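Shown next, in structure tokens, is the structure this report addresses.
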Amino acid sequence: MGIMRTAATVALSTAMLAGTAIAPAFAATNGSVGASSTGTATVTAFVGSLVRVTAVDDLALGTWTGTGALETSDSVCIWTTTGGYNVTATGSGVGGGFSLSNGASGTLDYAVKWDDAPTSSTLAAMTSGTALTGQVSGANTTDCNAGSSLTATVGVEITETDLTAADSGSYTGVLTLLIAPE
């Protein structure tokens, strides 16, 4: 008696589940028999949120002559599948700071600026490790090193005050730009 009840319960449960099954949103269809027959298939693809930075050049500030600041900029290309991105800059100084080293004990701080337009003169100041959000790119190719499709500008500056306080020598460091799609 218990086995019959269990079998009936399983059969009823299976029937109920079959009645509530949801058909997939995408389904292929087969054709019917005839002089011609048509079948259909749904084709799907997914493009993820991707980003690439290209046309990055070294930033040579030159030799300080005793007055004024040293500054330079570089136009780069940011391509993204989302159209929007954020940029986070970090330096090779302590804690990711924007600082150059002369290999001994001397360091020289610098500022980093960014704009989502090439050859811009109004760059936004950046803080090391903090994303600058809301940037936009119109690049339509993943590699726009050719120059005509550059989409953003990164700038660096060492103030006259910092240069005046620095020991003589050659200072170097690494600036890392992390681009992420938004």
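Position 172 (the sequence shown) corresponds to 172 in the working numbering; numbering is contiguous. Yeah, the Cβ is synthetic: ideal placement off N, Cα and C, and Gly gets one too. Note that the coordinates shown come from a computational prediction; the quantities given were computed from them, not determined experimentally.
### Query
Where Ala185 and Gly84 are concerned, what is the direct C-alpha to C-alpha distance, given to the nearest angstrom?
Since the first residue shown for the chain is 1 and the last is 182, residue 185 is missing from the structure and cannot be characterised.
### Task
State whether the segment 63-76 contacts the segment 31-47, with contact taken as three or more CB pairs (one from each stretch) at a distance under 8 Å.
no
### Message
Assuming Val76 and Ala55 are in contact, meaning their beta carbons sit under 8 Å apart, how far apart are those beta carbons, in whole angstroms?
### Response
Stepping through the sequence shown from its first residue, residue 76 is reached at position 76. Stepping through the sequence shown from its first residue, residue 55 is reached at position 55. The Cβ separation is near 5 Å, so the contact holds.
### Task
Please look up how many angstroms separate the CB atoms of Ala28 and Ala45, rounded, as I've assumed it's under 8 Å.
For the purposes of this step, residue 28 is identified with residue 28 of the sequence shown, where counting begins at 1. For the purposes of this step, residue 45 is identified with residue 45 of the sequence shown, where counting begins at 1. So it is not a contact: roughly 16 Å between Cβ atoms.
### Query
Does the Cβ-Cβ distance between Val136 and Ala125 come in under 9 Å?
Within the sequence shown, the letter at position 136 stands for residue 136. Within the sequence shown, the letter at position 125 stands for residue 125. Not a contact, by the Cβ cut-off of 9 Å.
### Beta-ladder partner(s) of Thr29, from DSSP
Numbered from its first residue, the sequence shown carries residue 29 at position 29. Thr40.
### Task
Could you check how far apart the C-beta atoms of Val47 and Thr81 are, in whole angstroms? I think they sit under 8 Å.
As a first step, residue 47 must be located in the sequence shown, where it is residue number 47. As a first step, residue 81 must be located in the sequence shown, where it is residue number 81. Contact holds; Cβ gap of about 6 Å.
### Query
Which residues in the same chain have their Cβ closer than 7 Å to the Cβ of Thr122, if we skip the five residues on either side of it in sequence?
Within the sequence shown, the letter at position 122 stands for residue 122. Closer than 7 Å at the Cβ level, and outside the excluded window around Thr122, lie Asp115.
### Message
Alpha carbons only, please: which of Thr151, Gly138, Leu108 is nearest the one belonging to Ser168?
### Response
The count along the sequence shown starts at 1 and reaches residue 168 at position 168. It is Leu108 whose Cα lies nearest to the Cα of Ser168.
#### Entry: Closest Cα partner of Gly141 within the set Asn30, Val33, Val53, Ser32
Within the sequence shown, numbered from 1, the residue matching residue 141 stands at position 141. The question names Gly, but residue 141 is Thr in the sequence shown. Taking only the C-alpha atoms, the option nearest Thr141 is Val53.
### Task
Could you name the residues of the same chain whose beta carbon sits closer than 8 Å to that of Leu70, not counting the 5 residues immediately before and after it, in chain order?
Residue numbering aside, residue 70 sits at position 70 when the sequence shown is read from its first letter. Contacts found: Leu61, Gly62, Trp64, Glu157, Ile158, Leu163.
### Residue closest to Leu177, alpha-carbon to alpha-carbon, out of Ser73, Val87, Val51, Ile78
One-based indexing of the sequence shown puts residue 177 at position 177. With distances taken between Cα atoms, Leu177 lies closest to Val87.
### Query
With which residues is Cys144 paired in a DSSP beta bridge?
As a position in the sequence shown, residue 144 is number 144, starting the count at 1. Cys144 pairs with nothing; no bridge assigned.
### Message
Between the alpha carbons of Val94 and Asp58, how many angstroms are there, rounded?
### Response
For the purposes of this step, residue 94 is taken as residue 94 along the sequence shown, with counting starting at 1. For the purposes of this step, residue 58 is taken as residue 58 along the sequence shown, with counting starting at 1. Taking the straight line joining both Cα atoms gives about 21 Å.
### Message
Taking 8 Å as the limit between beta carbons, can you name the residues of its chain near Gly106, skipping five residues before and five after?
### Response
The residue labelled residue 106 in the question sits at position 106 within the sequence shown. Result list for Gly106: Ala166, Asp167, Gly169, Tyr171, in chain order.
### Message
For Leu150, would you say it is in contact with chain D, using Cβ-to-Cβ distances shorter than 9 Å as the test?
### Response
As a matter of chain content, chain D is missing from the structure shown, which is built from one protein chain.
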